[in-house]
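Contents: one structure, followed by commentary.
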Amino acid sequence: MKHRGRHRRRRRGAALRAVLTGTALALTAAATLISASQADVTDDPGALKQLTSPADTSRLRLQEHRVPARSLDRLAAAMGHPVGVDAVLRSTDRTMREGDGCSAGDRASLPVAPAASRAYCWDPADTATGDWRPASVTTSGDADEDGVWGTHRVVLAGWTHRATTGRPAEHGLARVAFVDADDPAHLSYRWVLLVVPVDGGRNYRGLASGLSGMVWHRNKLLVTTTAGGADALYVYDLDRIQRTTVDGPAIGRVAGGWSADGHDFVLPAVASYRFTSGRCAPSGPPCPGALALDRGTTSDSLVAAEWTTPGGDRRARLWRYAFSDDPARPGPLATDAWGRVDAVEAYRTRADGIRGLLSYSKPGADRPSWYVGRLPESQDGHGGLWRQDTRGARAARCGADASDRCWAQDAGSLSYWQETGEVWSLSDRMLFALPLAELDRSLD
């Protein structure tokens, strides 16, 4: 299947940059809703410390586990021919409002500094109860450097069902909003439920996991898992989206066809990665949190941050894995002959509560900068955004007391759209974007 077209995308990227620079949303008014006398998120996280000893790096080793092709084919044969991203975007049934049309409460969740260039609030049907919460974002700018998937510009946002009330079958489920971003002034989206094949592909179950991190690379979607098992990442193939046939609360095969808790599309997992040293633990492998794509390395790489409790004593780890350059290889990460994946770089940071992460090398720079979005110690209100390297750290500051609690409220992951120079992220209530250059200016 042909996905890419690098020969003709530059004019569209230039037009979008013009929209970003020529459209001044009144989003900075949100800053007036936030007290300027907030306490700092935590102390300065300082310089990154590189980890090189085998005792440290061996804890980051992954083992690849593929879902057998016969299981995936059996499921596809039973459910009908798989569809692609285009089919989902053609059937979008939710609309997003631009920032100035959103409520004051929604806008108050946006960053104070640096301010968003544009922002969108979700359909009220998805935010009325607060049962589902967004936490991760990736885009077609991650999937392909021309920023387009097929003929569309796409944003994917991962949501998790966090409520403990209501129907037990929904608790902890994970779903992805497929956002049609072709027209920056009119975004729309459709839900796809993430599932895992079971019983040799004769059925599927819902992925019960928080989506704290998510990266779209080529036709694969990698997501973090917090399901309590040994799995660190799940992998999804965006050419294997399946339609459901029964609108009901069950998940899986039912009388009359296939159901997915009311969702019209499901995406079955095709692989997972597990830490070879077991489940995440303070003395073992990390609990993966934020994920991001870095195109500045020789081979594209996946960067990850360890989840640690805000205000706790544990120091988080930051590390990266190389993506495979072999187009014929089904697994997205580079492995050895035994399917093992080793980290190619790792650091320790004093930052905690990391929810967003980017690694980016400026032209001419001798080392990458790591951008870290952090939750406040109280897990309530605005967090902080820091840039770190092996020499030190700097934060975006705001307010009369130069607080570092300037980033979004309950902020999620970060995704850099190389073609347009944008960084995408989300608060607990809004999806937003801003130029990386503005982010750097706020840190410099």
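Numbers -26 to -1, 1 to 418, taken from mature numbering (1 follows the signal peptide of the UniProt record, and there is no 0), label the letters of the sequence shown in order. Heads up, the beta-carbon is just placed ideally off N, CA and C, and yes, glycines get one too. Here the structure is a predicted model, which is why all the values come from computation and not from measurement.
Buried/exposed call for residue i, threshold 16 Cβ in 10 Å
i	result
ALA82	buried
SER333	buried
SER401	buried
PRO171	buried
GLN24	exposed
GLY79	exposed
ALA374	exposed
PRO259	buried
residue 439	The structure shown has nothing for residue 439, since the chain only spans -26 to 418.
THR125	exposed
THR218	buried
PRO301	exposed
LYS194	buried
SER352	exposed
ALA339	exposed
ALA255	exposed
Inter-residue spacing [alpha-carbon to alpha-carbon] between residue i and residue j
i	j	result
GLY75	GLY252	48 Å
ARG127	ALA117	10 Å
GLY175	ALA50	8 Å
GLY226	MET53	11 Å
ALA229	VAL111	35 Å
ARG179	PHE239	13 Å
ARG371	ASP414	12 Å
THR(-4)	ASP173	For THR(-4), the predicted structure reports a pLDDT of 43, less than 50, and the residue's modelled location is therefore unreliable. The matter cannot be settled from this model.
residue 436	TRP312	Look at the range of the chain in this structure, -26 to 418, and you will see that residue 436 is not part of it.
ARG71	ALA159	8 Å
GLY286	ARG379	18 Å
GLY366	ALA224	51 Å
TRP344	LEU331	7 Å
ARG(-15)	VAL122	With a pLDDT of 47 at ARG(-15), under the threshold of 50, the modelled position of this residue cannot be trusted; read the value that follows with caution. When rounded, the distance between both Cα atoms is 10 Å.
SER9	ALA325	Reliability of the predicted coordinates at SER9 is poor, the pLDDT of 41 falling under 50, and no value is obtained from them.
ALA266	TYR390	8 Å
TRP165	THR26	42 Å
SER399	VAL59	21 Å
VAL150	TYR94	16 Å
SER91	GLY184	28 Å
THR309	GLY73	43 Å
ALA(-1)	SER387	Confidence in ALA(-1) is poor, its pLDDT being 46 and thus under 50, which makes the residue's placement unreliable; the coordinate value appears in the next sentence. The alpha-carbon atoms of ALA(-1) and SER387 are separated by roughly 24 Å.
GLU393	ASP120	6 Å
Residue i versus the options, residue with shortest Cα-Cα distance
i	options	result
ALA43	GLY305, TRP96 and GLY357	GLY305
SER77	ALA87, ASP97, VAL129 and GLU393	ASP97
ARG64	ALA148, THR113 and ASP156	ASP156
PRO350	ASP287, ALA385 and LEU331	ALA385
GLY358	ASP205, LYS336 and VAL346	VAL346
THR134	LEU161, GLY104, GLU119 and TRP123	GLY104
SER257	ARG361, GLY231 and ARG291	ARG291
residue 493	TYR390, TRP106 and GLY222	The shown model of the chain, from -26 to 418, leaves out residue 493, and the question about it has no answer.
ARG107	ALA369, ALA245, GLY146 and VAL57	GLY146
SER186	LEU207, ASP268 and ASN177	LEU207
ALA109	TYR210, ALA131 and ARG368	ALA131
residue 454	ARG33, LEU212 and ARG294	The structure shown does not extend to residue 454, since the chain is modelled only from -26 through 418, so no value can be given for it.
PRO56	GLN216, GLY263, LEU34 and THR113	GLN216
ASP17	GLU280, LEU408, THR323 and ASP268	THR323
PRO242	ALA264, PRO88, THR69 and VAL209	VAL209
DSSP bridge partner residues for residue i (one or two, in chain order)
i	result
GLN383	HIS356
HIS126	TRP123
ALA95	It is worth fixing the name first, because residue 95 is Cys in this sequence and not Ala. According to DSSP, CYS95 bridges with ARG71 and MET404.
PRO108	TRP133
GLY231	VAL228
THR113	VAL129
GLU393	Looking at the DSSP assignment, GLU393 forms no beta bridge with any residue, so it has no partner.
GLU280	PRO262
ALA296	SER275
Residue-level contact to chain B via CB, residue i, 8 Å cutoff
i	result
ASP17	Annotation note: the requested chain B is absent from the structure, which comprises a single protein chain.
Distance cut-off 7 Å: residue i Cβ against heavy atoms of the ligand HEM
i	result
VAL122	No copy of the ligand HEM occurs in the structure displayed, which carries no ligand at all.
Any beta strand (DSSP E) of 3 or more consecutive residues that is wholly inside the segment 130 to 199: Taken in chain order, the unbroken stretches of beta strand (DSSP E) that lie wholly in the segment 130 to 199 and span 3 residues or more are 148 to 154, 162 to 172, 177 to 180, 188 to 191 and 194 to 198.
Unbroken stretches of the beta strand (DSSP E), 3 residues or longer, contained in the segment 21 to 54: 36 to 40
Report the residue ranges of all beta strand (DSSP E) runs contained in full by the segment 240 to 268; include only those spanning at least 3 residues, in chain order. 262 to 268
Please go through the segment 306 to 377 and give each complete beta strand (DSSP E) segment of 3 or more residues, from N-terminal end onward. 319 to 323, 328 to 334, 343 to 348, 358 to 363 and 366 to 369
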